[in-house]
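Protein chains in written order, with my numbering: chain A, 192 to 566; chain B, 316 to 627; chain C, 21 to 554.
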Amino acid sequence: MTGVDAGAGAGDVRYDRAREGATVLGIYLTSIAVALVVAALVLLATGGSWTSVLSALLDGSVRGPGRWGTTIGVAIPLLLVALGTIVNARAGLVNLGQEGQLFVGAAFGTYVATHIGAGGPGVLFLIMLAGVAGGAIWAGIAAVLRYQRRMPEVLTTLLLVFVASQAVGYGLKNKNLLLDPTPDQANRNLISERLRPDTRLPRLDWFGNEFPMTAFVALLMAVLVALVLRWTIVGFRLQMLGRGPRTAHRAGVSEARYGGLALVASGAFCGLAGAFMLAGGDFGNYRLTPNYPVNIGWEGLLVALVARNHPLVSIPVAFVFAGLRTGSGFLAATGVDRDITKVVQALLVLALLVPPAVLFVRNRRRALAAAAERV
Amino acid sequence: MAGDFFFAVGDVLSSETTYSSGWRLAVALGFVAVGEWIAERAGTINISVEGAMLAGAFAAAMGYDASGSVAVGLLIGAAAGLLVGAVQAHFSHNLTANQFVVGLTLNILVLGLASFLNSSLKPETATAHVFEVPGLVEIPLLGPALFGQPWPLYLLYPLVPLAWWLVYRTRWGLEVRAVGENPQAADVSSIDVNARRRQAVYIAGITSGLGGGYLLLGQVGWFEDAIVGGQGFIAIAAVIFGGWTLRGAMLGCLLFGSANSFRLSLPAVGHPLNSELLSSLPFVLTICVMALFAHRTREPQSLARPFIRGLR
Amino acid sequence: MTSPAAELRGITKRFGAVVACDNVDLALQRGEIHGILGENGAGKSTLMKVLIGLVLPDAGAIRIDGEQRRIRDPAEAAELGIGMVHQHFSLVEPLTVWENVILGERTRLDAAAARRRVGEISERYGLAIDPDERISDLSAGLRQRVEIIKCLRRDPAIVILDEPTSVLTPGESEQLFEVLRLVVERENKAVALVSHKLDEVLAATDRITIMRAGAVVDRRETGDADAPGLARAMVGRPVSLRSAGAALGHIEGLEDGVAASEPEAGNGPEATGPPPVLSIRDARARGRDRRTLLDGLSLDVRPGEIVGVAGVEGNGQAALSDLLSSLLPLEGGTVRVRDERPLPGRPGAMAAAGVAVVPADRHESGCVLDMTVAENLTLVSPPRARTGRALLDSAGRAILDRTGRRAHAERLIEQFGIQTPGADAPMWSLSGGNQQRVVLARELSGDPAVLVAAQPTRGLDVGAIEYVSERLREAAADGVAVLLISTELEEVLDLADRIVVIFRGRIVGEMDRADLDVERLGLLMSGAQEAAAS
């Protein structure tokens, strides 16, 4: 179907922004409504009351005293993971390994923190750097396999998640690596030493809401990623690579270099998220534990997806997702299991997958129908 | 030290329980892999089999709780798997959303749903009874493993040749292979590409649901959130490991299942071997096999690419 | 007279604002080859898609053997005895011949019967083929043979062929027409031959329907038709067969034009002309499946000349174009552009050395549909930009110069007459002809030393073809070395100063425009004169 006709002038393709906007909004609202109705039905089926659930969620995420801070603390790694995912998606790659990259990043951070035996901002910086390196290396494996052996990064990143959790698990059994060497710790406890107080991230207290100062780092990074992707040569080339890899290659964009860069950057963001979690205090109380990432990697991926790969949009989305998570802690009082928030979250994501797919097919069909079908 | 290790390995290898448990674990993977193989031949990497398996396990628990019958439990498990498969199929081959993202989200959804419902419904379950095939069970070492197992395990035995026959000896199978390789050609040959792909994903859902049901009623006996714990992903790895042939996929399941049972039985004979290494074996091995034989194995040419008529 | 095998009445089909078919009537009679002639975009393919059930008409009726029918998909068409030989995309490579032949049937799978059936058909029509061969091992000509068998397997009363000769050598085309003659005379089938090539329709058909802009403009008995008249009807105005010969698939006019073109051959190359700016030596390359793509190809292009690479599709044209697009690394041999030796396969190497490319498939390597027109106009950094630094552009900047880009784009839009809602409109919203203009504009604006044009007019209408041809001539006149790669012999004859023939990944013969010998060209293209030529 290469043949496209010249006779169909550009005016034939309707390019009406206002009407388009209304349609898009309509499709989105319908999808979200359907998701919420299904979630409500699940709740009803088990006899829960959705008003009390909603109220508990709001209390737990924003209304309760100090809950803003808790929610922000969770939103930070979500946002970072999402940013990495966005950079990666820009290059047309699908990274499903955030959970593993984050875990390895956190493990690298822990190793540095527990082996340096000193403290201070310099060491804190080294911990962050180690986290970045860990995530980048883990994603780098997938990058090498993709560009040296043509293995789809989708599969390798996914498979490496499980390898990561086993590898870190091994580290947590070994005193020379990550396991807390204190003698009174039982051997099977599988947790690392606690970070020294002087290697922890400073926490701010605003109106009773306490959160690590990395919140601002994360926000700054979101702005930075948005700027880089939109205004720089690198951003332009990543986009070219993602949307037309052969054209990009011909134009001088090396797939291995830029694609690899994007994958590694994505891993680095995850690794940094892991280091932030470790030194921030909102996760695991400054200790590395098995299953440390607690789905932050997966959810960060979903944040990017729901934000449709827009760095600035991911800020509120990350906050909402974090709110669902922190809010779920308050559900116990309502007698509804906290896992309902996972259901709501996944249903919302599924619902939000629909509109872009529908719109893409519709727009492209319309353009091609006007052109290709005439040949 | 090394001597100890080999003694331990020898003990494990000469014990019937090793083979029994290895086979059981391999069969759980086999249920999933057999359906996933068909889905991949049709062009879908269906990572929601993990969710379908979990859904199958939970639904089987509910079904058994309600009816007291293992057969009914398995049937309901398969139906739940089909439901997950149907969602995956329609999202990825009707709406043409990214199949990985859909699969991932479905996995999260099912995990949330199963734990949520489990905590409020708390189904009571049991294991199916063991059925010993007369005569065959007497074969030394392998007999009890292959023919002295809870009866749902035997369901896989006819399923594998059936899948082979379906793909290579029926028109439906020919069309499945065609849409996985060249959907445009299949389309102009008046084959409904996305319908075939959806059907293949349904099948993956059914067998995964069955696999989940088997896991619950034939192996574990009660429902817990971690009952599947990545076995769906291992099955996907097995299909890729096997180079998209049924034989290879089943071999992969056997290998990965055995590795898992090895990991479980080593501590029992008193040797603390590196269990993390064995746990990650399926994934590491699959990556290595793909890296080494990437040029020789022939994956379906349009694997993981959506088909939209008029677009390439 | 009996009722026609198929009769279409008042068929109308719109796509958005475009009317592809406007109240079209057509009758296919048994025992006749019916040529449906028209330029690209005239609506002939849409009409056939209506008959085969791939497109549902907005209005109109179809009668098969006098009875009114609705055809909603190809399966229904097949049941009514309508079969189609597709141009592309209808064979599944890893499957065998027999599996492909029965693909899409509804009966139980029976391998033995299917093999027998393939054997029978191939014997009946003289189309020899091994039913157990895999499609991936077959040549383009043999693949089409499988397509024809696939179509004839159900013994259709009506056979539709859509531009069947584009993958065939002239000799193979003649064989095909013999088979069609057989089908019509011995079995009394009705055949519809869709084509934009005058010569082919004149040679092979009994009756001709000419379409233009979605409507039937003329009907003739082939015996009463002549090339100038058909050309006039096709284009809608008197045309010189010389200037539009390429677009209309007419060789005779082109041959006649040789003498006329000679005096103005001043910009053509002399034997002692300037040294070549593009020179490929002994290029060897293999594809991912280890199949040989280029087998010792050597080629020179001098500034100011247009060298046409003629050949049947699938003989290495795509590889040659990829090589010059930096998309194909070589296993042996060299490429030299001016004084540089860009590394084949290295991203951007050819572009940086000054090779501009208008690729055959512009959606694949010519433009990016999901980016704006302005972005597409500035995708390739200008030549001589050989910075290896990943973060910077050719001028050493890290930040995009959006204002500069926009101004540049608007200049090109104006200069090349690109019809677009604006510089920021997405590329996919443009028509094919305008997308092609965007590609041309970008490639020519970089001040290239070499311009590679692969199938530059495929799928365009006559107006756009003339525009593109003119631009290529202008580029040559400005001293650019132009390499035209085309499977349309007419196009090569029309534009090239010198013609080389590509066969199985190597150049097997060369011919100056002045000593044109179409017959010898045809033989070279089929590989028959390989020994004689070298």
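Even glycine gets a Cβ: it sits at the ideal position worked out from N, Cα and C. Remember, predicted model here, so these are calculated numbers, not experimental data.
Query	Result
Neighbour-count burial assignment, residue 541(C), 16 or more Cβ in a 10 Å radius	buried
Residue 323(A) beta carbon less than 8 Å from that of residue 296(A)	yes
Partners in chain B for residue 358(A), counting only beta-carbon separations shorter than 8 Å	591 and 595
Rounded straight-line distance, which links the Cα of residue 400(B) to that of residue 466(A)	37 Å
Closer than 8 Å to chain C by CB, residue 212(A)	no
Selected residue, minimal CA-CA separation from residue 378(B), among 436(B), 346(B) and 493(B)	436(B)
Chain B within 8 Å of residue 302(A), Cβ atoms only	no
Interface flag, residue 420(B) vs chain A, CB-CB below 8 Å	yes
Nonlocal neighbours in the same chain, by C-beta distance under 6 Å from residue 337(A), ignoring five residues either side	344
Nearest-angstrom beta carbon gap, residue 214(C) and residue 68(C) [assumed within contact, 8 Å]	6 Å
Simplified DSSP assignment, three categories, for residue 367(C)	coil
Nearest residue (CA-CA) to residue 255(C), options 59(C), 478(C), 515(C) and 463(C)	59(C)
Beta-carbon contacts of residue 189(C) that lie in its chain and below 6 Å, excluding the five residues immediately before and after	332, 545 and 546
Neighbourhood of residue 495(C) by C-beta, 7 Å cutoff - its chain only, sequence neighbours within 5 removed	464, 471 and 502
Contact set for residue 247(A): own chain, Cβ-Cβ below 6 Å, skip 5 residues either direction	521, 522 and 525
Where the region 421-442 of chain B meets chain A: residues whose CB sits under 9 Å from a CB there	421, 422, 423, 424, 425, 426, 427, 428, 429, 430, 431, 432, 433, 434, 435 and 436
Closer than 8 Å to chain A by CB, residue 56(C)	no
DSSP-derived helix/strand/coil call for residue 33(C)	strand
With 16 other Cβ atoms within 10 Å as the buried cut-off, status of residue 508(C)	buried
Near-chain C residues of the region 277-309 of chain A (beta-carbon distance less than 8 Å), N- to C-terminal order	none
Minimum Cβ-Cβ distance from residue 503(B) to chain C less than 8 Å	yes
Residue 397(A), DSSP secondary structure in three states	strand
Test: residue 493(A) CB closer than 8 Å to a CB of chain B	yes
Extent of the continuous alpha helix (DSSP H) run through residue 468(A)	451-471
Where residue 402(A) sits in the DSSP three-state scheme	strand
Cα-Cα separation between residue 347(A) and residue 24(C), rounded to whole angstroms	60 Å
Distance, residue 405(B) Cα to residue 438(C) Cα	40 Å
Cut-off 6 Å between Cβ atoms - residues of its own chain near residue 234(C), not counting five sequence neighbours on either side	39, 40, 41, 42 and 63
Span of the alpha helix (DSSP H), counted from its first residue to its last, around residue 289(A)	289-307
Whole-Å CB distance - residue 269(A) paired with residue 509(A), under 8 Å assumed	4 Å
Environment of residue 22(C) [buried if 16+ CB atoms lie within 10 Å]	exposed
Cα-Cα separation between residue 546(B) and residue 344(B), rounded to whole angstroms	6 Å
Same chain, Cβ closer than 7 Å to residue 351(C), five either side skipped, listed in chain order	304, 305 and 306
Local Cβ density within 10 Å of residue 291(C), reported as buried at 16 or more and exposed below that	Here residue 291(C) scores only 49 on pLDDT, less than 50, and its place in the model should not be relied on; the value that follows carries that caveat. With fewer than 16 other Cβ atoms within 10 Å, it is exposed.
Against chain B: residues of the region 76-100 of chain C by CB proximity under 9 Å	93, 94, 95, 96, 97 and 98
Distance CB(residue 563(C))-CB(residue 369(C)) smaller than 8 Å	Nothing can be reported for residue 563(C): it is not among the residues displayed for chain C, which extend from 21 to 554.
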